[in-house]
Ligand SMILES: [Zn+2]
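Written out as structure tokens, the structure is:
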């Protein structure tokens, strides 16, 4: 059994849910992110947030997978501050949905001043509604600098507990500062660039597996919704036992996510796929 705690299922086919279920997936969590194009109006986010909170839980349930969401405006669309404020005004209503765990994936993309301001406003929302937080760290610009800016902003916010914040897409040069500051860290497994399964296992062997999870971040781009169970196979090939695999693929995400009373990975009886048509 495994949990994929960061996967963009709106971009995946129903067959992917079926394949994930066969591979042992019992729960997914889906952060809000960029659609691959900029939405033309704040109202476009209402439809997207409804898809995350209404349609996807049903599509997942057809295969016995529990689906949860994170709501936010992603940093790629945060450059227009007035637009961002209109979208952020929509968020509190969606934070009340029974499958929403918190604010995410917020963070920085190009480490710009406006992105940072919108990031800080999201942190205030998370503090006000006492939710978990899932943070994206930049791939394009300097990841180390972006991660530092992010950690400083969370510390400056003052009331968010590091143990309730997950900093995602860590790599070899950012994992240590995230863990040392008391945050959770996520490693995203990409098929052939950035953090591959082999590199993720290197990181586990170097830094341990406390407060660490792995995810596929599967989306509309080149990505693999089976990356988590495949990393388990890589771990076994490298001599790690089933307990170690279970810890990183199931127990760690369960521990972090269970801090939200809305999270569940209890067995779900698959519903008939046709029921959602
Ligand atoms: Zn993502």
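Numbering (my numbering), first residue to last: 31 to 307.
All C-beta atoms in this analysis are idealised placements derived from N, C-alpha and C, irrespective of residue type, glycine included.
Values in this document were obtained by computation on a predicted structure and should not be read as measured data.
Grab the span of the beta strand (DSSP E) containing residue i for me, first residue to last.
i           : result
residue 247 : Premise fails: residue 247 is in no beta strand (DSSP E) and is neither H nor E.
residue 61  : 55-61
residue 98  : 96-101
residue 33  : 32-34
For the alpha helix (DSSP H) that residue i lies in, which residues bound it at each end?
i           : result
residue 88  : 86-91
residue 80  : 73-80
residue 251 : Segment: none, residue 251 is in no alpha helix (DSSP H) and carries neither H nor E.
residue 272 : 272-276
residue 282 : 282-287
residue 186 : 173-187
residue 115 : 111-118
residue 147 : 143-159
residue 265 : 257-267
residue 107 : Residue 107 -> no alpha helix (DSSP H), and no H or E assigned at all.
residue 237 : 227-237
residue 125 : 121-125
How about residue i and residue j: are their beta carbons less than 8 Å apart?
i           : j           : result
residue 39  : residue 107 : no
residue 125 : residue 292 : no
residue 51  : residue 93  : yes
residue 129 : residue 99  : yes
residue 152 : residue 133 : yes
residue 243 : residue 213 : no
residue 252 : residue 283 : no
residue 298 : residue 91  : yes
residue 149 : residue 183 : yes
residue 209 : residue 33  : no
residue 225 : residue 240 : no
residue 263 : residue 246 : no
residue 289 : residue 185 : no
residue 205 : residue 237 : yes
What residue from the options has the CA that sits closest to residue i's CA?
i           : options            : result
residue 215 : 118, 227, 233, 222 : 233
residue 188 : 174, 75, 156, 175  : 156
residue 136 : 115, 197, 113, 130 : 197
residue 268 : 99, 235, 163, 104  : 235
residue 96  : 84, 105, 271, 104  : 84
residue 45  : 201, 256, 261, 285 : 256
residue 65  : 57, 58, 203, 75    : 75
residue 191 : 113, 168, 163, 42  : 163
residue 271 : 212, 90, 166, 231  : 231
residue 248 : 200, 173, 219, 102 : 219
residue 127 : 81, 116, 265       : 81
residue 177 : 103, 185, 167      : 167
residue 116 : 246, 71, 88, 139   : 71
residue 207 : 180, 300, 61, 105  : 180
residue 175 : 205, 105, 186, 141 : 141
So is the beta-carbon of residue i under 7 Å away from any non-hydrogen atom of ligand 1?
i           : result
residue 247 : yes
residue 75  : no
residue 86  : no
residue 61  : yes
residue 270 : no
residue 135 : yes
residue 203 : no
residue 166 : yes
residue 38  : yes
DSSP beta-bridge partners for residue i?
i           : result
residue 166 : 137, 198
residue 214 : 196
residue 130 : 99
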